[in-house]
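Residue numbers (UniProt numbering): 1 to 520.
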């Protein structure tokens, strides 16, 4: 009996020890296994990432919550796909979104932290500060998902590599404790290039969707403007899936008729339901400097549409105004011309006053006196002035013997004789009409045209060095008759030519006698 009682006591003790050790093992082992890496190995916490340009990775990730298999195959497929280059390079400046998604069958108990990283020759922005939280059912269990978005904008052509990114998160364990740790995303890469041969890296252009270029003016084109007025020009550039910091500076060309002042630009980025919108506002002020027509040039921008994969030219048209002078601007612009004009007027007034004072007690110039005599019809005084001019210029006393200098035809022997004859006949005709009207008993006054014709016909003899004249054959006759008329000169010239031919044809022994006879 005692033996059985001792055996039962020993069995109870063994059971108690076994239960104690089992409870201890059950308590110690789960605490040791509940780390974030262990939960990841148990497929209770997953991390996944993909690019917006990688369509295979995106589709794989979307179907993750609906698949019946584990997450291990999904992660391996995503990793292999993201390490491959994109089939088609993105455009320089085109938006590339990196998606990071974490999931757990428990729940997140603290904020998630995304580690900072850099990509050479690319701009990295976290434009969406809050994550997208949602749940999915998998194998009858509810999984909590959290998705983050990071935007990248390549700035040069080439290959871009995104390194693994550290993601720190905290989840609840099965023991109702919080497990905190860091997981790494898989690396990614993509390439960028110029989308069109018409673009260069130095050309101002932008890549995006629904890009618009608008402008507004502070002055209407039909508004009257004067020098010194201001014209404000506001240019607004908006686009989707891009950033305002990537918009180029749209500085319009300057014009010499206005001074251009540029105000600081206004940049703004916003997002609504996953759609990013950028806006840039530039303000310019033109101060009109000169009058006339001022033309402000248009503004053009090249836009690569990432949706249609086409190059579009955006244009903000220019405008034109007519500017008037103010009194101040007129003096400022034409002060030199006004000064010269004023000086010229003063000089002319001084010359007129000095001339009037000079000829107040002195006779007027002959030309001006003849003009007054003709205008006042003082014909005897006009005739006196004609004779004075004839005596002064040619030392002659008869108008009919005035020497004429007009020459129209070429200076040949025949032309000179014919021209002198015609001029002499016309001159004698005018003199005869003038003297007939002046001394006739019939009251018919001379005409002013006749008087001016006689006045301008009396000139100083001109010695033409370039004209060719026949030397006088009988110079003794010219000395004895210096006032021979042109008709007589022509006759004497013919006689001298005949005498010259006769002398040349005569015998040598009679040459001296013939010359004496002709001279006599």
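Cβ atoms here follow ideal geometry from the backbone N, Cα and C, with glycine treated the same way.
Own chain residues within Cβ distance below 6 Å of residue i, not counting five before or after
i	result
residue 94	207, 306
residue 17	none
residue 150	98, 126
residue 381	373
residue 232	218, 285
residue 212	238
residue 183	47, 167
residue 329	227
The beta strand (DSSP E) enclosing residue i, as first and last residue numbers
i	result
residue 287	275-288
residue 457	Residue 457 -> not in any beta strand (DSSP E); alpha helix (DSSP H) instead, spanning 448-457.
residue 97	96-104
residue 119	That residue, residue 119, is in no beta strand (DSSP E); it is neither H nor E in DSSP.
residue 210	205-217
residue 48	45-51
residue 261	258-262
residue 232	230-240
Own chain partners of residue i with C-beta closer than 7 Å, once the 5 adjacent residues on each side are dropped
i	result
residue 103	46, 143, 144, 145
residue 210	239, 240
residue 234	215, 216, 281, 283
residue 267	244, 245, 280
residue 141	105
residue 260	254, 284, 286
residue 13	none
residue 157	92, 192, 193, 194
Beta-ladder partner(s) of residue i, from DSSP
i	result
residue 137	142
residue 312	303
residue 397	Beta-bridge pairing links residue 397 to no other residue.
residue 190	160
residue 363	None, per the DSSP bridge assignment.
residue 321	294
residue 181	169
residue 132	147
residue 272	275
residue 387	Partner(s): none; residue 387 has no beta bridge.
residue 439	BP columns for residue 439 are empty, so no partner.
residue 90	192
residue 250	According to DSSP, residue 250 bridges with nothing at all.
residue 114	167
residue 153	123
residue 199	Its beta-bridge partners do not exist; DSSP assigns none.
residue 527	Missing from the structure shown is residue 527; the chain here goes from 1 to 520 and no further.
residue 266	281
Anticipated Cβ contact below 8 Å, residue i with residue j, distance rounded
i	j	result
residue 101	residue 147	4 Å
residue 319	residue 221	5 Å
residue 303	residue 205	7 Å
residue 228	residue 326	6 Å
residue 301	residue 314	5 Å
residue 185	residue 171	So it is not a contact: roughly 17 Å between Cβ atoms.
residue 297	residue 252	6 Å
residue 385	residue 370	5 Å
residue 367	residue 458	Actually they do not touch by this definition, with Cβ atoms about 11 Å apart.
residue 152	residue 122	5 Å
residue 52	residue 96	6 Å
residue 288	residue 258	5 Å
residue 90	residue 154	7 Å
residue 460	residue 430	That belief does not hold up - the Cβ atoms of residue 460 and residue 430 are roughly 19 Å apart, past 8 Å.
residue 428	residue 447	With 8 Å as the limit, residue 428 and residue 447 do not qualify as a contact, their Cβ atoms being about 17 Å apart.
residue 112	residue 169	5 Å
Sequence-distant residues of its chain with Cβ nearer than 8 Å to residue i (five each side left out)
i	result
residue 117	124, 162, 163, 165
residue 487	Bear in mind that a pLDDT of 47 at residue 487, under 50, signals an unreliable position, so the model cannot answer this.
residue 324	224, 225, 226, 227, 291
residue 276	95, 127, 151, 240, 241, 242, 243, 269, 270
residue 377	445
residue 388	366
residue 397	387, 390, 391
residue 351	none
Residue i, enclosing alpha helix (DSSP H) - first and last residue
i	result
residue 37	36-41
residue 371	366-376
residue 358	327-358
Closer than 9 Å to chain B by CB, residue i
i	result
residue 339	The question asks about chain B, but that chain is absent: this structure has only one protein chain.
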